[in-house]
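Just so we're aligned, residue 84 is where the sequence shown starts under this note's numbering, counting upward by one.
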Amino acid sequence: MINISRILVCFVGYLVVPASCFPPDIQALSILERAAPVAPDGYTPAVVSCPAHRPTIRAATGLSTNETDWLPLRTNNTVQAMKDVLSRANISGLDTGRYIDNLTNAGTGLPRVAIAISGGGYRALMNGAGALAAFDNRSTNATETGHLGGLLQSATYLSGLSGGSWLVGSLYVQNFTSVESIISATDGFLSTIWQFDHSILNGPDGLSITRYYRQLFDDVDGKRDAGFNTTITDYWGRALSYQLVDPSDGGPAFTFSSISNDTDFTSAQAPLPLIVAIERTSGQLQIASNSTIFEFNPWEMGSYDPGLEAFAPLQFVGSNFTNGSIPRNGSCIAGVDNAGFVMGTSSSLFNQAFLQIGRVEGVPEFLISAINATLANVGSENRDIANWPNPFFRYNSSGNLNANSTVLALVDGGEDLQNIPLHPLLLEEREVDVVFAVDGSADTATLWPNGTAMVATFNRSEARVSSNDSRFPDVPDQNTFVNLGLNQRPTFFGCTNGSNTPRGPLIVYMPNAPYSFQSNVSTFDLEYSIEERNQIIQNGYNMATMGNGTVDSNWPACIGCAILARSLVRTRTRIPSKCADCFARYCWNGTTNNTLPNTYEPAQILANTTEQSTSSAARISGTLLLSCFAFMLAI
Ligand SMILES: *[C@@H]1O[C@H](CO)[C@@H](O)[C@H](O)[C@H]1NC(C)=O
Ligand SMILES: *[C@@H]1O[C@H](CO)[C@@H](O)[C@H](O)[C@H]1NC(C)=O
Ligand SMILES: *[C@@H]1O[C@H](CO)[C@@H](O)[C@H](O)[C@H]1NC(C)=O
Ligand SMILES: *[C@@H]1O[C@H](CO)[C@@H](O)[C@H](O)[C@H]1NC(C)=O
Ligand SMILES: *[C@@H]1O[C@H](CO)[C@@H](O)[C@H](O)[C@H]1NC(C)=O
Ligand SMILES: *[C@@H]1O[C@H](CO)[C@@H](O)[C@H](O)[C@H]1NC(C)=O
Ligand SMILES: *[C@@H]1O[C@H](CO)[C@@H](O)[C@H](O)[C@H]1NC(C)=O
Ligand SMILES: *[C@@H]1O[C@H](CO)[C@@H](O)[C@H](O)[C@H]1NC(C)=O
Ligand SMILES: *[C@@H]1O[C@H](CO)[C@@H](O)[C@H](O)[C@H]1NC(C)=O
Ligand SMILES: *[C@@H]1O[C@H](CO)[C@@H](O)[C@H](O)[C@H]1NC(C)=O
Ligand SMILES: *[C@@H]1O[C@H](CO)[C@@H](O)[C@H](O)[C@H]1NC(C)=O
Ligand SMILES: *[C@@H]1O[C@H](CO)[C@@H](O)[C@H](O)[C@H]1NC(C)=O
Numbered sequence: 084m085i086n087i088s089r090i091l092v093c094f095v096g097y098l099v100v101p102a103s104c105f106p107p108d109i110q111a112l113s114i115l116e117r118a119a120p121v122a123p124d125g126y127t128p129a130v131v132s133c134p135a136h137r138p139t140i141r142a143a144t145g146l147s148t149n150e151t152d153w154l155p156l157r158t159n160n161t162v163q164a165m166k167d168v169l170s171r172a173n174i175s176g177l178d179t180g181r182y183i184d185n186l187t188n189a190g191t192g193l194p195r196v197a198i199a200i201s202g203g204g205y206r207a208l209m210n211g212a213g214a215l216a217a218f219d220n221r222s223t224n225a226t227e228t229g230h231l232g233g234l235l236q237s238a239t240y241l242s243g244l245s246g247g248s249w250l251v252g253s254l255y256v257q258n259f260t261s262v263e264s265i266i267s268a269t270d271g272f273l274s275t276i277w278q279f280d281h282s283i284l285n286g287p288d289g290l291s292i293t294r295y296y297r298q299l300f301d302d303v304d305g306k307r308d309a310g311f312n313t314t315i316t317d318y319w320g321r322a323l324s325y326q327l328v329d330p331s332d333g334g335p336a337f338t339f340s341s342i343s344n345d346t347d348f349t350s351a352q353a354p355l356p357l358i359v360a361i362e363r364t365s366g367q368l369q370i371a372s373n374s375t376i377f378e379f380n381p382w383e384m385g386s387y388d389p390g391l392e393a394f395a396p397l398q399f400v401g402s403n404f405t406n407g408s409i410p411r412n413g414s415c416i417a418g419v420d421n422a423g424f425v426m427g428t429s430s431s432l433f434n435q436a437f438l439q440i441g442r443v444e445g446v447p448e449f450l451i452s453a454i455n456a457t458l459a460n461v462g463s464e465n466r467d468i469a470n471w472p473n474p475f476f477r478y479n480s481s482g483n484l485n486a487n488s489t490v491l492a493l494v495d496g497g498e499d500l501q502n503i504p505l506h507p508l509l510l511e512e513r514e515v516d517v518v519f520a521v522d523g524s525a526d527t528a529t530l531w532p533n534g535t536a537m538v539a540t541f542n543r544s545e546a547r548v549s550s551n552d553s554r555f556p557d558v559p560d561q562n563t564f565v566n567l568g569l570n571q572r573p574t575f576f577g578c579t580n581g582s583n584t585p586r587g588p589l590i591v592y593m594p595n596a597p598y599s600f601q602s603n604v605s606t607f608d609l610e611y612s613i614e615e616r617n618q619i620i621q622n623g624y625n626m627a628t629m630g631n632g633t634v635d636s637n638w639p640a641c642i643g644c645a646i647l648a649r650s651l652v653r654t655r656t657r658i659p660s661k662c663a664d665c666f667a668r669y670c671w672n673g674t675t676n677n678t679l680p681n682t683y684e685p686a687q688i689l690a691n692t693t694e695q696s697t698s699s700a701a702r703i704s705g706t707l708l709l710s711c712f713a714f715m716l717a718i
């Protein structure tokens, strides 16, 4: 099907011959969009000159000024998309355009939308990608009746955890391109990332396995030689980057903080990406429900939780921040926040899967030894750790549980069972009104979600671990989720019946379910054909749109009502009857049935439809073949 070496031939050819020689399709290949490879020395962190305003650690007493400055820009930019989505929602009884205009004129209270993409390996990435494609007004047909395009453009926050962080991180380092432009040849552009038919254990097409492993080894070796603590997560993050960042060399110089410099990001053309991981304090092996939850955003890393309550400037993590600031004669160090390392940190549970390389043929001995060496100084129970230089060393020694350690150990964001990255969206200051919570977890024995992530976040909220969190709505136990089918169709949690003032956002829970494909693939399955990848993404699209509104033609209206739910209460606007119907239908009404269900084996929801992805894959190869042919004739 898609032949990467052919693409490389075209691409290399492009570099040596003037662009005018090429047909338009080939020229498009040169716009492989990226964030910036700005790290000082590839994967090896190194000294850079300090900015005039020397970076410091800040107390997490509120949002950063970076974020509070950015939010009004983003709010303004969401207005038109939100009006479009609401207008297509066609909520009779409310002039939504006028309603939003009123709020805009008042300069306050525009609905604030967030999207959260769960963990669950490649399954979660693909299911989440389908949902984002459905929410994206750039996707073909996404602004037709029954579709939800524009919800992504209406969103202020987009969080990702573990497999979900691969999706979010990958899109941002690709200049926030659309899912569709990654998986199909849109306008002649064909992306070379997400080639999951080439397992991460074997490396990308076009790169020999020896060369692949040599690069992984050299990158991590360089970081270690520079005096940084490395673990198997460094290898894992490097390997991921060949699929998510750049298939030729894994983009060793791409930093997550470089997103903060991207003009589309600074002008708030895209939502704020948030990636979640969990802190492990020294000696702690079990991740408790009160663990300190970290977030990475393009400006900072840190936590609002009581175990830390501090943030470090992400670009400069690795500098000596002892006691909160870099000594006068100290230097600024950059390059620790490699984009793949951030994604690897959020998904460090997969280190275990990566250990399978011992069984792959052709993996060089030096790499196995190197990995064994990083494993040797930790117990087997510590293999899921990403070691970051601790920027919070000696900072706030009373509240900071890791104040006495020079190493900051972070683990997979889902290890506390909160597999949907809701936590950063519950922070009161962020004033989120609705979260579209896309759950690709494998909870049941049959690898479908059963609400476990929702229950975990509810439990943590009830335990009042952090006073910064707004209350999470009540949710039932997992047996109820399964018995009532709440894990099979979207459900709203936190509905108020329009009366009492709600605390915290409405949660629209969107579980992975078999709409057009049995997408319950194993979390640790590391290889997918392009066909299977596209089918799972298509299923995610169908899940989000309920089969483009064929399962319920009111679904787009109900999504509109979910966006407006909190706002309508705030503005004391009468709930339109359409929305009252939606809330009656989609809100969990408190009913429970906690009897143990039978094995959960859901039937496919949509009748088999003819597949589009095959033809689109054929179209890609066809386009390429023609382009390459034209290219060869040109020289
Ligand atoms: C990033 O995407 C935006 C919007 O699509 C586009 O205008 C811009 O040129 C892209 N930047 C790069 C570096 O490709
Ligand atoms: C708000 O967005 C509109 C277009 O979307 C733009 O014309 C206007 O300048 C923006 N206003 C501010 C204050 O950024
Ligand atoms: C918009 O504001 C005007 C003036 O306050 C009010 O009469 C009208 O009902 C509002 N419209 C909506 C849809 O909220
Ligand atoms: C878009 O909609 C048209 C008309 O319904 C259909 O023929 C086409 O296959 C759709 N394209 C995609 C990518 O869904
Ligand atoms: C890396 O961190 C581990 C665990 O904290 C520690 O045992 C080890 O000595 C550190 N290695 C280096 C090179 O700092
Ligand atoms: C942003 O770009 C400027 C100018 O190139 C550079 O000095 C700065 O380090 C960059 N910031 C980040 C976070 O990469
Ligand atoms: C979690 O609770 C336990 C027991 O109360 C306590 O020892 C521990 O320090 C807490 N951890 C965090 C991160 O707050
Ligand atoms: C965030 O804001 C601070 C304070 O205004 C500023 O010094 C810093 O450069 C900003 N960070 C980024 C990455 O832009
Ligand atoms: C870091 O800075 C502190 C002073 O703030 C100093 O005592 C310490 O020696 C420095 N550490 C390193 C490794 O340079
Ligand atoms: C690495 O460790 C594994 C398991 O502990 C062992 O079987 C293997 O021989 C080691 N390989 C090397 C090259 O040290
Ligand atoms: C760190 O060490 C200081 C001094 O030894 C001690 O007072 C403090 O309690 C320790 N903090 C933690 C979180 O262990
Ligand atoms: C729900 O998922 C949890 C976590 O995997 C599992 O322990 C439990 O048995 C599941 N319950 C049901 C009813 O599926």
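Backbone N, C-alpha and C fix where the C-beta goes; we use that ideal spot for every residue, glycine too.
On a predicted model such as this, the values are computed, not experimentally measured, just so you know.
Sheet register partners of residue i (DSSP bridge)
i	result
Asp124	Thr127
Ala520	Ala199, Tyr592
Arg157	Arg157 is not bridged to any residue.
Arg141	Phe394
Glu362	Leu493
Gly385	Glu378, Phe394
Thr239	DSSP, once it has assigned bridges, lists no residue as partnering Thr239.
Asp304	BP columns for Asp304 are empty, so no partner.
Cys415	Val131
Thr338	Asn421
Trp471	Leu491
Residue i CB to nearest heavy atom of ligand 12 below 6 Å
i	result
Asn502	no
Pro680	yes
Thr540	no
Asp526	yes
Val517	no
Asn562	yes
Selection from the options that minimises the alpha carbon distance to residue i
i	options	result
Thr316	Trp277, Phe449, Asn421, Asn344	Asn421
Asp347	Ala143, Asn406, Phe259	Phe259
Glu362	Asn380, Asp345, Asp388	Asp388
Ser132	Leu355, Cys415, Met537, Ala143	Cys415
Asn681	Thr223, Pro585, Ser222, Thr527	Thr527
Asp495	Gly204, Ala686, Pro474, Pro155	Gly204
Tyr255	Ile451, Leu241, Glu227, Glu150	Leu241
Phe279	Lys166, Phe424, Gln618	Gln618
Asn625	Gly643, Ile646, Arg572, Ser291	Arg572
Gly310	Tyr592, Asn676, Ala129	Ala129
Pro335	Asp608, Gly125, Gly252	Gly125
Cys662	Thr675, Cys644, Leu651, Arg655	Cys644
Ala371	Asn220, Ile620, Phe437, Thr540	Thr540
Gly385	Pro659, Ser650, Gly673, Arg141	Arg141
heavy atom of ligand 8 below 6 Å from residue i C-beta
i	result
Ser343	yes
Asn149	yes
Trp382	yes
His281	no
Contact test: residue i Cβ vs ligand 4 heavy atom, cutoff 6 Å
i	result
Thr223	yes
Residue i beta carbon near ligand 1 (any heavy atom closer than 6 Å)
i	result
Asp219	no
Any chain D beta carbon closer than 7 Å to residue i
i	result
Asn403	Absence of chain D from the displayed structure is noted, only one protein chain being present.
Residue i beta carbon near ligand 6 (any heavy atom closer than 6 Å)
i	result
Ser386	no
Ser414	no
Cβ-heavy atom distance, residue i to ligand 7, below 6 Å
i	result
Gly390	yes
Ser374	yes
Chain-ordered list of residues that sit, by beta carbon, closer than 5 Å to a heavy atom of ligand 3:
Asp178, Arg181, Tyr182, Asn185
Length at least 3, wholly inside the stretch 622 to 683: the beta strand (DSSP E) runs in chain order
none
Residues with a Cβ closer than 5 Å to any heavy atom of ligand 9, in chain order?
Asn403, Thr405, Pro410
Every unbroken alpha helix (DSSP H) inside the stretch 545 to 622 [4 residues or more]:
561 to 566
Output the residues surrounding ligand 11, defined as those with a CB atom closer than 6 Å to any ligand heavy atom, in chain order.
Ser480, Leu484, Ala486, Asn487
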